[in-house]
Structures are given as structure tokens and as C-alpha cells.
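Everything below concerns the one structure shown next.
In my numbering, the protein residues as written are -4 to 374.
Encoded structure:
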């Protein structure tokens, strides 16, 4: 429990960070709203921390400020100083350009951030410098999980199957479009998927079946990232597994998504509710076990921690399984697959949040025992 002197109720003071400089800003707000509503008020004191699309930090009524453009929110900052785990109010005046005043001492951070500057290791690096416990993977796990190309390299190095793919730079596409188009068409049959390397929630992802569609898809992906992944498309079942834990992670039941649209895109995930979610997936027990084992293997391969939703594809023609990606901070709305998978596995939404906070504190406690200085011996 909290030992903060300014917290007389002895609750765990949890800073929930949301928003951010990402194409997934709106998704983050939806997830954070659900998380804050479900955190047990008897156990936690919630401190909302919003980040605008321009990167400005704020606290107070940050959710209203970000969603409606107004609200009783004020500028805030988190210092990378392990001696002061405080959220600071930032005051600017003519007489004193910048003044910092402590608003709240935080016990743990729940970064409900999707995409760049939140899920990619950058936020985790700040929290490491601040010495604050936080929910989710560390810097390496977050960065590798976010980067689709690096993730595929790690999967291949660990013998985990992925679909044939290529990596292309947006600058090369801009300067040598014919070369890029020819390389893709020579190496991958249509249809192919084009994806920004560092973005989630299906933002900027396109499925294309001809050269004109490929050109349009590359232009779309290049508008979001300087690196693009192009992947062979297969007729596949989309399977998802929720993984929970630190060094000894557990896998949920397997779920399946059957989108009504051409694929499970942004609209299908967050706008429309017409996709069919089958939990548990209709699989033979041995196949289900293989899916869950692959999910845990991939989770451990990137040194994930806390939570992760592992997405796999099953080729309907061959039955082969392919690792698609890991979301280290998956969507957390009420209709999101991660909490729904755990609910089907016997863990309620609020109890899941409790476990995530416990895992964050456990991981920080383990790291706190590590040596941070070295004194060579004379011998």
C-alpha cells in the first residue's frame, strides 16, 4: 500500500497516463477511460495524466481537456529523478519563467498509451529514469514489440514462424518508387499487406491486390512512418491470446476474430461492433495448446512483462500457424480482446487490473535489489 504522507487513506496512488503524440491518440483515450472507471476506488487513488497530440502534459480533468477541448486541467511534468517520484505542476509567469510544484507523489504508473511515444519504449525509458514502478514491458520489450520489423527478426532468430515479408524505407519509396514496387512484386505474391513499422491498432495498414493498390498503400504507410513492412497475405483465421505475467507468464484461452470487413482494421476494432469475436476459438485441444505455447514463447523472446496480446494467423489451406505481432499495451476498452480473453479465462476486468499493478510493483522490487555500483577487487 502507499506510504505517501500526503495520502491519508493509505491507497495506492496510481498515475494513469493517456493520449500522446500518436495516430492512436483517440484509442488511448478510450482505453484509459475504461481503466480509470474500473480501478477499485477502495484500493487506488487515481491521478489522471493526459498528453496532448502536441506532447503537452497535463493533470486534473485531463480527459475532458483532451476530448472536449476544455476542462479544469493544468500543465504538468514528471521529472526523471528517482529521488522525487512526484507529478509536478508547471507554472509559467513573467517574473519566474518556470516554477514546479509537487501535485502528487506516485506509487505506480499505468501507461495506457498506444503507438509511438508511449508503447515503443520512450515512455518506459522516462519511467525507468524516474525510478517509478509501471505496468507493462520495459524499454527493450516495448521497443521490439512496437517495431514490426525488429519483432519479425527476433521471431525468426528464435525459430518462431512468421509470414514472408520485406522492409522498405519511406525515403527509398519516395526516391525510387519503381525499384520498390518491382522488389515487392518479385518477392511477394498478391495480396500483400502494407504496414507502418511503428504503429498499431491497424492505423495506416492496407491490403492490396494489384500494383495501383500497392502504390496507394505505400503512400499511406509512408505518411505515418519512415519504415514500412510489406507482408504476404494469406487466407487465414485471426487468433489472439492474452498473456499475463513477468518471468513466468500465463496464457489465456485462445480467441478468434472474424471481421465482417476485408480484415480486422481500425474501424472493426474501435468503431463498429459487427466483427464476430469467438471466445474460446473453435480449435482442437492440441492446436489450442500450440497457439498458447507459441504466444508465451514470443512473449518471452522479446522480454515482455506485465501484459501482452499476441496475435497469430492460421493459414486455412495448410493449417500452419504464424506469429503476427505482440501488442505490449493492448486496447483496454470494454470490447477489447485482451480483457475479454481473461474474463473468459476466469479473471474479471477489475481483478486483471489488480494483477497488473501487483506485477508492476513486483518487477520494480526485483530491479531495486540489483547492484548499481561496481568496486573492482585488488586481486
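Each residue gets a CB set at the ideal place from its N, CA and C atoms; glycine is no exception. Being a predicted model, the structure only gives us computed values, none of them experimental.
Residue i, buried or exposed, once every other Cβ within 10 Å from all chains shown has been counted against 16
| i | result |
| --- | --- |
| residue 255 | exposed |
| residue 372 | exposed |
| residue 366 | exposed |
| residue 119 | buried |
| residue 323 | buried |
| residue 54 | buried |
| residue 71 | buried |
| residue 151 | exposed |
| residue 335 | buried |
| residue 362 | exposed |
| residue 50 | exposed |
| residue 5 | exposed |
| residue 63 | exposed |
| residue 319 | buried |
| residue 205 | exposed |
| residue 143 | buried |
Where residue i falls: helix, strand or coil (DSSP)
| i | result |
| --- | --- |
| residue 344 | helix |
| residue 131 | coil |
| residue 338 | helix |
| residue 39 | strand |
| residue 323 | coil |
| residue 252 | strand |
| residue 261 | Low per-residue confidence applies at residue 261: pLDDT is 48, beneath 50, and the placement is therefore not dependable, though the value from the model is reported in the following sentence. The answer is helix: DSSP assigns residue 261 an H, G or I state. |
| residue 23 | helix |
| residue 13 | strand |
| residue 283 | helix |
| residue 222 | strand |
| residue 146 | helix |
| residue 368 | coil |
| residue 373 | coil |
| residue 349 | helix |
| residue 328 | coil |
| residue 112 | coil |
| residue 359 | helix |
| residue 126 | coil |
| residue 214 | helix |
| residue 198 | coil |
| residue 34 | coil |
| residue 157 | coil |
| residue 209 | helix |
| residue 64 | coil |
| residue 354 | helix |
| residue 121 | helix |
| residue 74 | coil |
Residue(s) in a DSSP beta bridge with residue i
| i | result |
| --- | --- |
| residue 276 | None; residue 276 has no bridge partner. |
| residue 308 | 233 and 317 |
| residue 227 | 187 |
| residue 203 | 187 |
| residue 86 | 94 |
| residue 69 | 54 |
| residue 81 | 100 |
| residue 106 | 12 |
| residue 46 | 14 and 52 |
| residue 239 | 245 and 302 |
| residue 271 | 253 |
| residue 7 | 39 |
Length of the line joining the Cα atoms of residue i and residue j
| i | j | result |
| --- | --- | --- |
| residue 201 | residue 191 | 10 Å |
| residue 25 | residue 163 | 32 Å |
| residue 223 | residue 96 | 43 Å |
| residue 301 | residue 237 | 11 Å |
| residue 43 | residue 52 | 11 Å |
| residue 261 | residue 22 | Low confidence applies here, because residue 261 scores a pLDDT of 48, under 50, leaving its location unreliable and the question unanswered by this model. |
| residue 157 | residue 141 | 16 Å |
| residue 327 | residue 174 | 41 Å |
| residue 160 | residue 183 | 8 Å |
| residue 11 | residue 170 | 42 Å |
| residue 448 | residue 185 | In the structure as shown, the chain begins at -4 and stops at 374. Residue 448 is therefore absent and cannot be evaluated. |
| residue 279 | residue 316 | 14 Å |
| residue 84 | residue 65 | 18 Å |
| residue 155 | residue 245 | 18 Å |
| residue 239 | residue 351 | 8 Å |
| residue 86 | residue 17 | 26 Å |
| residue 253 | residue 203 | 19 Å |
| residue 232 | residue 310 | 7 Å |
| residue 329 | residue 78 | 37 Å |
Proximity test, Cβ basis, 8 Å: residue i and chain D
| i | result |
| --- | --- |
| residue 12 | Looking at the structure shown, chain D is missing, and only one protein chain is on hand. |
Quick check on the DSSP output: what are the complete alpha helix (DSSP H) runs of length 4 or more inside the stretch 159 to 196, in order along the chain?
165 to 170 and 172 to 182
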